[in-house]
Structures are given as structure tokens and as C-alpha cells.
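The block underneath contains the structure these notes are about, expressed in C-alpha cells.
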Amino acid sequence: MTRDLRVAVIGLGRFGAVHAEAAAALPGVALVGLCSRTLSRAQGLAERFPGARAYDSVERMLAEADLDAVLVATPHKQHFDPAIQAIRAGVAALVEKPLTTSLTQAHELVAAADEAGVALGTIFQRRFIPAAQRMHEAIVQGRLGRVVAAECLAHLGRDRSYYEQDDWRGSWAGEGGGVLLTMAIHYVDMLNWMLGTPTSVYGRWATLKHADYVDVEDVAGGVVTYQNGAIATIGAVTTFENGFASAPSPTVAYRAPGFRLAVHGSVGHSVGLVENPELTQAVNDPWTFDGAAEDLARWREREEGRSSVPEFHGLQIAEFLDAVRAGRPPAITGRDGMAALEVIKGVYLSQARQAPITLPMSDDDRRAADHLTEGAE
Ligand SMILES: NC(=O)c1ccc[n+]([C@@H]2O[C@H](COP(=O)([O-])OP(=O)(O)OC[C@H]3O[C@@H](n4cnc5c(N)ncnc54)[C@H](O)[C@@H]3O)[C@@H](O)[C@H]2O)c1
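Numbering (my numbering), first residue to last: 26 to 402.
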């Protein structure tokens, strides 16, 4: 019998705890390390997971814990250091989105993982939601004919208390981006997964609602072209009332509409999904094939309104660890994380240049895109 895979979580805030819970629930996986900058935080969480030891140093944990994989759930700008340390120690790394905020660092991680021969993955757990899997399968099976267009909407609500809950949120220096980088990135990844290789992006962004306390974008739009000729549009805002983490407004009754993705094909059919409210399981809509009404009703009954946390993190972590065990690439790789990041940073660069950006970016464009956002104080 093979031994349990030895796994640790680095960064133990809200989502680090989700990772720990998801990993600890998996058969064949031993959660042996919990690492935070603050030892007492790691010790507090370790009480819930017998067998997990608390650390406040990534180096020491890598030296002592005989790990097979780490799950990195630190804030965006702190993804790179623990991930590169793990990779250089020969340990696989599954990193929360965005893989990094710097394209240079994303490339460095991917290259280091290739060189060390270890798995590198990016968390985009929404790909594991059945509605998304069905869309992807329909596209791969050719049921849409040629994919010609897609639209991706992130119509979200955030408020001042959300941005103020952590000191890293809401600034170019701390977070490295706004609604595109932190929220819409899940669906930008899905566009890439379903449409293929992006070849250009044109975009605009602004800070229109939350400008008193954030400097990153709260409104953004983009047009992305793909190698097969398909054209996708992205619209992303955090300007709605009563969204995630908002106190209900006494004057505005509606909730933020959440996410919507639709993909259209040359034979006239469309597939899509709606996630409303955020972090519930998305359901298919539109779905234009014959028999759709019965299928949709059945799927809706099974899936609608259920929380998507931590179930789909669990599925992605399980798939990633299976890949580590089998020595194969994971379903969602570091390259996928880099590709989604490049579309988003392409929007920022496009705005600065008032011109479309060719993808994949040249070395010069990558440096220019990083210079725009990474140097922020
Ligand atoms: N996949 C998803 O749906 C999803 C949802 C929410 C958050 N996230 C991602 O998870 C990450 C964390 O988000 P969060 O909401 O849990 O943030 P958080 O601020 O609640 O937690 C981050 C934790 O990391 C710790 N930390 C910072 N630097 C560290 C270091 N160098 N070593 C160890 N610990 C360190 C902080 O002290 C904090 O406890 C972000 O990248 C975010 O984008 C993903």
C-alpha cells in the first residue's frame, strides 16, 4: 500500500482554513503542517486537525515535515515566496488564484517547476462545478460547432467593510489588482479553458464607486480574441449593493447578480452558467439543446443554491494530489494561472497604451505590464 501524501497549508486566513478542511477530509492524504506568520494562529487551527504540526517558518516546515505538497493561501503578493521555496525543495505547490500578481514571477514559478520536475497548480475550483464541466464537455464534443463568441460577467457587490477587513485589500501595492484580478479571474480562466489560446486583449478599467478607500479597479471591460477566431467580452464590477460581505442595504433590496458565462457556437447553440449569489453552485443557463428544459430542471433541483465551499476546493485538491501521486500534470496548471493573469494584466497595459495587446505577451510587454502595477506603493 502506498503511504498517505504529506500535505501542508501555508497562510491560514479564511481560505487557508478552507484548504485545511478540504485536504484533511481526503482519503490517502495526511495534513501534517499548518504554517502562518503567527505561530499562535497555526497552533489554534492545528487543534482542529490531529496530526498537523504548527509552524511559523516555511523554511523550517520544508526542512522538517517531509512534505509531498503545499497548498498556498497567503495574500496575493505573498504567493510567490512560499511557492518557489517549496518547488526548489522538490515539493509540489497548489497556489490560490491569482498565481502571482507579477508576470515575471509567474514565469519564474512555471520554469522552476519544470526544472525541478514537480507539479505546480493554480486554484480555479469553479472549473470543477458540474455546470462548468458540462459546458466544457459540450464544447469538446463539438455540440456548438465552432465556438464563435462568449461573454463573461462579474456583477458583484462589495462595500467599504470588505476592503477594510484586511490591510492588503484594495490597493495596487497590497493586492495588485481589483475586480478583474481577485474575482473575475475565475471566469477569465474558464474562458481560456473553453475557448483555447488568447491572442489579444483590449480593455479599460476605472475606480468609480469605491475610490475613497481603494485605488484598484472596481469597473472593467475587456475584449479577448482567441486563436480559433472567437471573440469574448468581459464585464466586471464590484459596484452592486447587497453583494458578498455587504450588510443588507435598507434602501436597495436586490442582491448582486453574481457571475454569468455564456459560450456561443456556429451551429446556433449556446451553453452557459449563472452563479448567483456568489459562492453558491452555478447552474446551467443558457442550454439550448433539445430536451434542455427537462435537463435544466433536473440539474437545478440537484445543484441550485448549494454552497460551493469547500466542496470544489476539495475536488481540485484531490485531483492535484492524484496528479502528484501519479507523476502527471494536474488538470489546472501553473501555466493556466499565468495565462489568466496575462489576460488581466493585458487589460491594465491596454488601458495605459490605449491599444490592444498581443498575447502571449512579449518579454518587453510583460515587463511593462509588471512595471505598471508591481511598483505601486
Ligand atoms: N479560490 C477562491 O474562491 C478564493 C476565495 C477567497 C480567497 N482566495 C485567495 O486566497 C488567498 C487568501 O485569501 P484570504 O481571504 O484567506 O486572506 P486572509 O487575509 O484571510 O488570509 C491570509 C493569511 O495569510 C497570512 N500570511 C501572510 N503572509 C504570510 C506568509 N508569508 N506566510 C504565512 N502566512 C502568511 C496572513 O497572516 C493571513 O492570516 C488570496 O490569494 C485570495 O485570492 C481564493
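Cβ coordinates follow ideal geometry from the N, Cα and C atoms, glycine included.
Nothing here was measured: the structure is a model prediction, and the numbers come from that model.
Beta-carbon proximity list for isoleucine 112, same chain, < 8 Å, skipping 5 on both sides: Taking the sequence shown and counting its residues from 1, the one referred to as residue 112 is at position 87. Correct list, in chain order: Ala118, Leu134, Ala137, Ala138, Ala141, Val143 and Leu145.
Valine 32 versus threonine 313: straight-line alpha-carbon distance, rounded: As a first step, residue 32 is located in the sequence shown; it is residue number 7 there, counting from the start. As a first step, residue 313 is located in the sequence shown; it is residue number 288 there, counting from the start. Distance between the alpha carbons of valine 32 and threonine 313 is about 43 Å.
Under 7 Å between C-beta atoms of valine 308 and alanine 156: For the purposes of this step, residue 308 is taken as residue 283 along the sequence shown, with counting starting at 1. For the purposes of this step, residue 156 is taken as residue 131 along the sequence shown, with counting starting at 1. Using a Cβ distance threshold of 7 Å, valine 308 and alanine 156 count as a contacting pair.
The region 42–61 touching the region 331–347, judged by at least three CB pairs closer than 8 Å: Result yes; three or more Cβ-Cβ pairs closer than 8 Å.
Element boundaries [beta strand (DSSP E), containing isoleucine 35]: For the purposes of this step, residue 35 is taken as residue 10 along the sequence shown, with counting starting at 1. Boundaries of the beta strand (DSSP E) harbouring isoleucine 35: 30–35, taken from the DSSP string.
Near ligand 1: valine 281 beta-carbon under 6 Å from a heavy atom: Start at 1 with the first residue of the sequence shown, and residue 281 comes out as number 256. Per the sequence presented here, residue 281 reads as alanine, with valine not at that position. In this structure, ligand 1 has no non-hydrogen atom nearer than 6 Å to the beta-carbon of alanine 281.
Local Cβ density within 10 Å of leucine 366, reported as buried at 16 or more and exposed below that: Taking the sequence shown and counting its residues from 1, the one referred to as residue 366 is at position 341. Buried is the call here.
Three-way DSSP call (helix, strand, coil) for asparagine 253 in this model: Mapped onto the sequence shown, residue 253 falls at position 228. It is coil, neither helix nor strand.
Inter-stretch contact at 8 Å, needing at least 3 Cβ pairs: the region 345–357 / the region 77–96: The region 345–357, when compared against the region 77–96, does touch it at the 8 Å Cβ threshold.
Straight-line Cα distance separating valine 204 from histidine 101: In the sequence shown, counting from the first residue as 1, residue 101 sits at position 76. In the sequence shown, counting from the first residue as 1, residue 204 sits at position 179. Looking at the two C-alpha atoms, the distance is approximately 13 Å.
Per-residue DSSP class, three states only, for leucine 403: Missing from the structure shown is residue 403; the chain here goes from 26 to 402 and no further.
Bridge partner(s) assigned by DSSP for isoleucine 259: Counting from one through the sequence shown, the residue named residue 259 turns up at place 234. Beta-bridge pairing links isoleucine 259 to Cys177 and Gly247.
beta-carbon proline 75 near ligand 1 non-hydrogen atom, thresh 6 Å: In the sequence shown, residue 75 corresponds to position 50, counting from 1. Taking the Cβ of proline 75 as the reference point, every heavy atom of ligand 1 lies at 6 Å or farther away.
Sequence-distant residues of its chain with Cβ nearer than 7 Å to leucine 70 (five each side left out): Numbered from its first residue, the sequence shown carries residue 70 at position 45. Hits under 7 Å: Leu37, Ala42, Ala45 and Leu59.
Nearest candidate by alpha-carbon position, reference aspartate 81, set Ala377, Pro107 and Pro75: One-based indexing of the sequence shown puts residue 81 at position 56. Here the closest residue by C-alpha is Pro107.
Rounded distance between the beta-carbons of glutamate 300 and glycine 268, thought under 8 Å: On the sequence shown, residue 268 is found 243 positions in, with the first residue counted as 1. On the sequence shown, residue 300 is found 275 positions in, with the first residue counted as 1. Here glycine 268 is actually not in contact with glutamate 300; their C-beta atoms are around 12 Å apart, not less than 8 Å.
Beta-carbon gap between glycine 297 and proline 311 smaller than 7 Å: Here residue 297 refers to the residue found at position 272 when the sequence shown is read from its first residue. Here residue 311 refers to the residue found at position 286 when the sequence shown is read from its first residue. Remark: C-beta atoms of glycine 297 and proline 311 approach each other more closely than 7 Å.
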